[in-house]
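As you go down the protein sequences, you meet chains B and P in turn.
Residue numbers are given in this note's numbering: position 109 of the first sequence equals residue 109, and the series is strictly consecutive.
For any residue, its number in this note's numbering is found by taking its place in the second sequence, counting from 1, and adding 478.
Just below is one structure, and these are the notes that go with it.
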Amino acid sequence: MKPKNRFSRRSWLRMAAGAGAASLVPFMPRLARGQSEAPKRVLVVYHGLGYLDESFWPTRGASGRPNDFTLGDTMRALDDYKNQLIYLDGILLYGAQYFFPDDDNEHASGGNMTFTGSRKDDGDEDPNTKAFSNGPSFEQVIADHYYDPESPVTPFRDIALGISSNSTGERHACFFRGSQQPVAAQHDPTAAFETYFGGFTPADTSEAQRQQTARRRARNQSIIDYVRDDLDHARRRIGRQEEAALDQHLAGLRALERRVTAEMQADPACRLPDAPSGRWGGDAERLRGTYEAHVDVIASAFTCDLARVATLQLGHADGGLTLVEGINSHGTTHDIGGNQENPAGLADAKDRHRRLDRFWADRWHYLLEKLDSIPDGDGTLLDNTLIVWGTDTTTGPRGPHRHTRMPYFLAGGSNWAFPTGRHLVYDQVWGRNNRVGREEAAQWQSNSRIWVSILQRYGIERDSFGTMDIGSGTLPDL
Amino acid sequence: MLHDSHVRSAIGTSLLLLACQGSIVGDEPGAGLDPRVGVDPEAPGDVAPPTADECVGAAPDAAPARWRRLTRRQYALAVADLFGVSPNLASFVADGSAGDSPFAANVGFHVQESQVDAYWNVAANVADAVDLEGLLGCAPDVACVRDFVVQTGRRAYRRALRPDEVDRLVALYELGADESPDEGVRTVLQAMMQSPNFLYLQEYGFEGDAVDQPADQLYELDGYAVAGRLSFLLWNTVPDDALLDAAEAGELDSADGIARHAERLMDDARFVQTLVDFHMDVTLASQIDDVSRDEPEFTDALRNAMRAEVEDYIRLVLADGGTIVDLFTTPVPMDQPGLDVIYGDEPGVRRGILTLPGILAAKPKIETNYAPTYRGNAIRLGLLCDPTPPIQVDIVFEDAGGLTARELLRQHQENPGCVVCHERMDPLGFPFENYDDLGRWRTTAQGEAIDATGNVLVVEPGENGEPEERTNHPVDGPVELGEVLADLDQVRACFATQWFRYALARNPGARDGCSMRTVIDRFTEGEGNVRDAILALVQSDSFRMRRGQP
């Protein structure tokens, strides 16, 4: 069944191309730049605590070939898009405490390490500061690669949205600009809309409104200048330790300046979405609406080439979300751990986990359908967007909060990334009692391998990624 | 080796349980573990602050301070105070925190685009909502706005504005006034609310223009910086004009002057709210919104009633000069509207803050059979300032179902790999076994009579390689536990540490030893009067001075 075009219910507003001739035009429409090829986009989706492995993974068909597989029980909602998926079966989230007793990282550090391949350690002795991952996450490296703040190719460097993510919390952060710098997710879809689309003038704006907008922009410039002067003044007085914080504030101000002082222009074909409305939050009723609003913002922003990298953090390693029928993800994983010898309790907890997993599969379907409904270049937005799903821990044969056989999978992006519709299986070496110790770990593929593969495919030459990378090169067969 | 704060803050409640639950799979218990690995040597309780005698005649000192940005609460209250509009902060990035501190603190943590954006959007929304005539008290023109900038700017930036700063803000008014006078004023408000002079505490310790901060040098803060510290500590908002007048007149340049003004600030209702916020954070009652329970009666309305009761109780106990002993022993009125479902016809009277349903239900956040561990750990961390060592073992044990928490957790006490940590947690939680996971009174669990005996273990590190000193305080039930905690020096010292963190957004370091000593001594004196201890804190070197960063 061809997914229906959800945009058809929305107002289709063309963005003002060529309007407001007097204002700056810092962002040329993509097509006007003569760029016929659609940009390569990357969307990284995190949700806390993984899946119940036994019903998540696909099974291979009789042929045994990677493209012959049936989806796991809880992922059936994705059947429509099976040929867009790539399962990476056999990845070790390298460096978690439970494999390596001399390692200080604990289970909720998995989020710090997932997309960074780096350990949670700030390397200084100041007990006042938090410790975060000591390297960037791969998608931020991509953002740095294509986005030059002095002459930006897109209006925004990246888009970071979340739901109950605590995205800058020490134990819960999973996206990083660099060492110790977690990416702060925007949780409010209304504010996200204002940020990414507020700078555009709809095509049907009157001349009087345009003049007022131009005056506002001049005024905004003066406010920005005032704040910048004050920050420059502060620089002379703060300690050296604080200079990076001040630089970051100035960088934020520069991005803000572009948004509020100049006319933004984008691909004439791109659509300004309706402002989202609703009550946002992380409880069960509001979660779906918030999620869909976030996905819509990302899809529209990608369509208009406002940014090429986006992250979406849903919950965190201590749960953070109560999703379906009051089921709390963290409580559920603990109940699986606590009922290993109690068949009835275990069955009940697993059933709850499966309901959570199906909930997520439905959400992933919404995302795939959305991107697939938007024409982009010669295909759809899905063809040009690599979606990466990752998580901090999962529930495997030894119980919850494990870092082995991580449920990582990809979708879309087939125009530039990898051939889709495959179930790739890697060696999974288990020691006594299904433990993976240091010796076994060396025989697994680590998460860093995936990020190296993606970076290379994006055109960034890297052989290793992250401060905990133990191997080198790409993920075989990907 | 990771540095200390990392190791200490890696103590998540989730992992405490993970290690000792499930089925035995044959892994070896962690023999030979050093339970003190990773403990911050600078944290009070690990290295005792100098004695009062040692501090006599000691040179003034303070550890370096960080540049701190207002917390969400401070920003919200300050904006409301200055402009009469309560901002909607839904788009703000969550606050950070310092080390093991339970309090919000934005230090060493960079502002990102999304927060800079949020500052912009909120400032615009606030400016749109302000009653401009009411705020200015005159029809906006250049003279009126100049007065406003001088007056309100002083409160917003917590110091008198330099003439050039006034001129720049007036120039912004004139630019916006091209559209309309009101637009001119809104332009000024937006600029003020986004200036680092408003958003960050200016604790440079010196005035003047092109001054580089000499590294590692000790400064006495000027009166304005002290005024800012005082008002953000005691009120969580900007100073009033009286405090800034005092700063300008040099009245905050002496410890006595500071004490006089601190007393005035503590007589204000805003200080009572600070007492409420502080104790909600150290007891983790402020986390009640994150709690999930299976019981259908655990509704938002019940949550709100629980929170309201904790707040009311803190006011009842501490608003009029209460003490630590009051906090742990005052009878609970048990008449909060909306809590009938909890109190029912419970016999007897609860005593002390730890018996409030809002605190009993705040831990654990999730349904578990391990409530004593969570409840005990919350006390260990928040009230004893003795973080449990990071977990170093992966031990799992039998839960065949049908066991009481005490039976289940017996394995924590019998397994040598578990006991090194759990002896610090579980016995602090057992005295609350008469309360279920919503804080309701019960006399049986899993069909067995409740045993509410427990123990407060105090471990003091041995000095110069001597063995650590361990003291046990056996208790039966929450009333006895409250009485023991109320009198323990370690608890009193922990309150000193927590107020230090609350006041300065950092952990006390070795250079803060004599400052900490004065605060600890006030807390350990008699019943531990909270106001007196805070007075000692604001007069201490660490509060009045600042050391430049190395």
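In this text, a Cβ means the ideal position worked out from N, Cα and C, and glycines have one as well.
Predicted, not measured: the structure shown is a model, and the values here were computed from it.
Taking all protein chains shown into account, decide if residue i is buried (16 or more other Cβ within 10 angstroms of its Cβ) or exposed.
| i | result |
| --- | --- |
| B/V388 | buried |
| B/N433 | exposed |
| P/P809 | exposed |
| P/E901 | buried |
| P/D823 | exposed |
| P/P815 | exposed |
| B/A62 | exposed |
| P/C863 | buried |
| P/A840 | buried |
| P/S1018 | buried |
| P/C972 | buried |
| B/S329 | buried |
| P/T922 | exposed |
What number of angstroms, rounded off, separates the C-alpha of residue i from the C-alpha of residue j?
| i | j | result |
| --- | --- | --- |
| B/I450 | P/N1007 | 58 Å |
| P/Y980 | P/L711 | 7 Å |
| P/L614 | P/Y791 | 39 Å |
| P/P717 | P/R633 | 6 Å |
| P/D904 | P/V704 | 42 Å |
| B/G345 | B/H334 | 11 Å |
| P/D539 | P/D719 | 30 Å |
| P/A607 | P/G631 | 19 Å |
| B/I238 | P/M670 | 20 Å |
| B/Q97 | P/P774 | Per-residue confidence for B/Q97 stands at a pLDDT of 48, beneath the threshold of 50, marking its modelled position as unreliable; no derived number is given. |
| B/P189 | P/R1025 | 42 Å |
| B/L382 | B/L368 | 7 Å |
| P/L560 | B/D274 | 35 Å |
| P/Q765 | B/S109 | 21 Å |
| P/R771 | P/L762 | 17 Å |
| P/L1015 | P/V997 | 6 Å |
Going along chain B, which residues have a C-beta under 9 Å from residue i?
| i | result |
| --- | --- |
| P/V810 | None at all; the shortest Cβ gap to chain B is about 29 Å. |
| P/S569 | Q186, H187, D188, T190, A191, A192, E194 and T195 |
| P/Q1027 | I238, G239, R240, Q241 and E242 |
| P/E657 | Q212, R215, R216 and R219 |
| P/L650 | R219, S222, I223 and Y226 |
Kindly indicate which three-state DSSP category residue i falls into: helix, strand or coil?
| i | result |
| --- | --- |
| P/Q765 | helix |
| B/P182 | strand |
| P/A582 | strand |
| P/H757 | helix |
| P/D954 | strand |
| P/A558 | helix |
| B/H47 | strand |
| B/W444 | coil |
| P/E947 | strand |
| B/W430 | coil |
| B/K82 | helix |
| P/P850 | helix |
| P/V589 | coil |
Can residue i be considered in contact with the ligand ZN, in the sense that its beta carbon sits closer than 6 Å to one or more heavy atoms?
| i | result |
| --- | --- |
| P/Q680 | No copy of the ligand ZN appears in this structure; indeed no ligand is present at all. |
For residue i, which residues in chain B fall below 8 Å Cβ to Cβ?
| i | result |
| --- | --- |
| P/N847 | G338 |
| P/S673 | Y226, V227 and D230 |
| P/T665 | R219, S222 and I223 |
| P/W977 | Per Cβ cutoff of 8 Å: no residues; P/W977 is ~16 Å from chain B at best. |
| P/Q668 | I223 |
Mind pulling the chain P residues with CB within less than 7 Å of residue i?
| i | result |
| --- | --- |
| B/H145 | Simply none; closest approach about 18 Å. |
| B/H249 | V589 and V594 |
Since I believe residue j is in contact with residue i (beta carbons under 8 Å), could you give me their beta-carbon distance rounded to a whole number of angstroms?
| i | j | result |
| --- | --- | --- |
| B/Y81 | B/A411 | 7 Å |
| P/V934 | P/L963 | 7 Å |
| B/G64 | B/G315 | Contact flag wrong, Cβ pair sits at about 36 Å. |
| P/L861 | P/V760 | 7 Å |
| B/G252 | P/V953 | 52 Å between Cβ atoms; not a contact. |
If the cut is a Cβ gap below 7 Å, which residues of chain B does residue i touch?
| i | result |
| --- | --- |
| P/L653 | R219 and S222 |
Taking Cβ-Cβ distances shorter than 8 Å, what residues in chain P pair up with residue i?
| i | result |
| --- | --- |
| B/T168 | V571, A572, G574 and F587 |
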